[in-house]
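Enquirer: Residue numbers (my numbering): 4 to 154.
Think of the CB as a built atom: it goes at the ideal place given N, C-alpha and C, for glycine as much as any other residue.
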Amino acid sequence: MLDVGFGELFCFGIIALLVLGPDKLPVAARFAGRWYARAKRYISNIQNKIDRELKLSEFRKEMQDELDRLHSLEQSMQARLKEIEKASQEQRIHLAEQPEAACAPQLKTTYILCHVPQHVVPFCTHQQLRRCERQNDVIPQHSSVELKIAV
Numbered sequence: 004m005l006d007v008g009f010g011e012l013f014c015f016g017i018i019a020l021l022v023l024g025p026d027k028l029p030v031a032a033r034f035a036g037r038w039y040a041r042a043k044r045y046i047s048n049i050q051n052k053i054d055r056e057l058k059l060s061e062f063r064k065e066m067q068d069e070l071d072r073l074h075s076l077e078q079s080m081q082a083r084l085k086e087i088e089k090a091s092q093e094q095r096i097h098l099a100e101q102p103e104a105a106c107a108p109q110l111k112t113t114y115i116l117c118h119v120p121q122h123v124v125p126f127c128t129h130q131q132l133r134r135c136e137r138q139n140d141v142i143p144q145h146s147s148v149e150l151k152i153a154v
């Protein structure tokens with residue numbers, strides 16, 4: 004910290020002994036030691052505060068990066084939700100524009116060969132019936148949904 008070597012301390016001790024004398028030297032050494040300890044503690048506290056501030060700023064930066072990532076994820080989810088809503092709306096419009104004749108069950112005529120005269124048997128597939136039922140159902144209108152991330 005101060006780059007003081009042993010030789011320099013020895014030289015300082017001899018000068019202090021000559022200036023203060025053997026009676027006042029121990030008192031002066033204790034006084035100097037206390038002030039040195041206080042200065043060292045003060046410098047150590049400042050270094051610790053600086054380290055805490057740096058760690059805190061790094062933590063804040065990491066948190067901000069995560070918040071930015073979450074906001075971008077939220078925006079992409081909003082965009083996907085709007086796409087799904089738009090596709091659903093287009094499908095509703097498309098189903099509403101279809102003529103009612105398309106909802107009527109489509110009958111297929113099949114002929115069965117047997118010993119009796121030929122009979123016409125109407126045939127309608129299950130899928131066609133389900134499609135017509137779905138088209139005749141009332142499709143509920145959903146309000147737009149907003150996704151928000153609580154931070």
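Using 8 Å for Cβ pairs, my map puts Ala40 next to Ala31. What's the rounded Cβ distance?
Expert: Their Cβ separation, rounded to whole angstroms, is 15 Å, which puts Ala40 and Ala31 out of contact at 8 Å.
Enquirer: Gly10 lies in the alpha helix (DSSP H); which residues open and close that run?
Expert: 9-100
Enquirer: Report all residues from its chain with a CB closer than 7 Å to the CB of Pro120; omit the five preceding and five following residues, and keep chain order.
Expert: At Pro120 the pLDDT is 45, less than 50, meaning the model places this residue with poor confidence; the figure from the coordinates comes in the next sentence. So no residue of the chain qualifies.
Enquirer: Which value, in whole angstroms, describes the spacing of the CA atoms of Glu77 and Glu86?
Expert: Going from the Cα of Glu77 to the Cα of Glu86 covers about 14 Å.
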